[in-house]
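Enquirer: Dumping the structure here so I can ask a few things about it.
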Amino acid sequence: MTDALNIVDGVRLARSVCLEPELPRQILTGEVYTAINQLTDDIDLGITSMTAGTQIRQLGKGHELIELSEEKNLEAFKKDTEAWAKSLAEDKEKKKYGFVDVESVKAVPYRSPARTLYNMG
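Add 23 to the 1-based position in the sequence shown for this note's numbering, that's all there is to it.
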């Protein structure tokens, strides 16, 4: 990612920052050189938008963000997304909106010592 800065005028960070809010600072300080590679299809705008919105929602709730570079977390996210989509379809009054609530993975407070446990199981 940092090598691309020598070739292009800009690098897309928005969706990566949804998972790693401190990524720009970490790149500038040399702590990291690339974003975490999530297992979602980067070309599927629907799923990447849903993922990003869900991760922002988690951050807004003060939770660690679900790391979709791990297969078990991706499967949990898919399960919760299916339940969310079903609840939207059943909402006859059209009062539901927004993004998925991650319920299949235990929520851990953002920046807590248990952060690595959240992402590891």
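Cβ atoms here follow ideal geometry from the backbone N, Cα and C, with glycine treated the same way.
1. What are the partner residues of Pro44, as DSSP defines its beta bridges?
2. Is the beta carbon of Ser127 sitting closer than 9 Å to the one on Lys102?
3. With distance defined between alpha-carbon atoms, name the residue in Gly53, Leu51, Thr52 and Ala58 nearest to Ser39.
4. Say yes only if the C-beta of Tyr133 is nearer than 8 Å to one or more non-hydrogen atoms of the ligand SAM, and no if none qualify.
5. With a cut-off of 8 Å on the beta carbons, I'd call Ser92 and Gln61 a contact; round off their distance for me.
6. Just tell me which of Glu43, Leu51, Glu105 and Ile30 has its CA closest to the CA of Ala75.
Expert: Concretely, from the data shown:
1. The residue labelled residue 44 in the question sits at position 21 within the sequence shown. Answer by DSSP bridge pairing: none, since Pro44 is not bridged.
2. Counted from its first residue, the sequence shown places residue 127 at position 104. Counted from its first residue, the sequence shown places residue 102 at position 79. With a cutoff of 9 Å on beta-carbon distance, Ser127 and Lys102 are scored as near each other.
3. Within the sequence shown, the letter at position 16 stands for residue 39. Nearest of Gly53, Leu51, Thr52 and Ala58 to Ser39, Cα basis: Ala58.
4. The ligand content of the structure shown is nil, which means the ligand SAM is not present either.
5. Counting from 1 along the sequence shown, the entry for residue 92 is found at position 69. Counting from 1 along the sequence shown, the entry for residue 61 is found at position 38. In this structure Ser92 touches Gln61 by the C-beta definition: roughly 5 Å separates them, less than 8 Å.
6. Within the sequence shown, residue 75 is the residue found at index 52, counting from 1. Comparing Cα positions, the closest option is Glu43.
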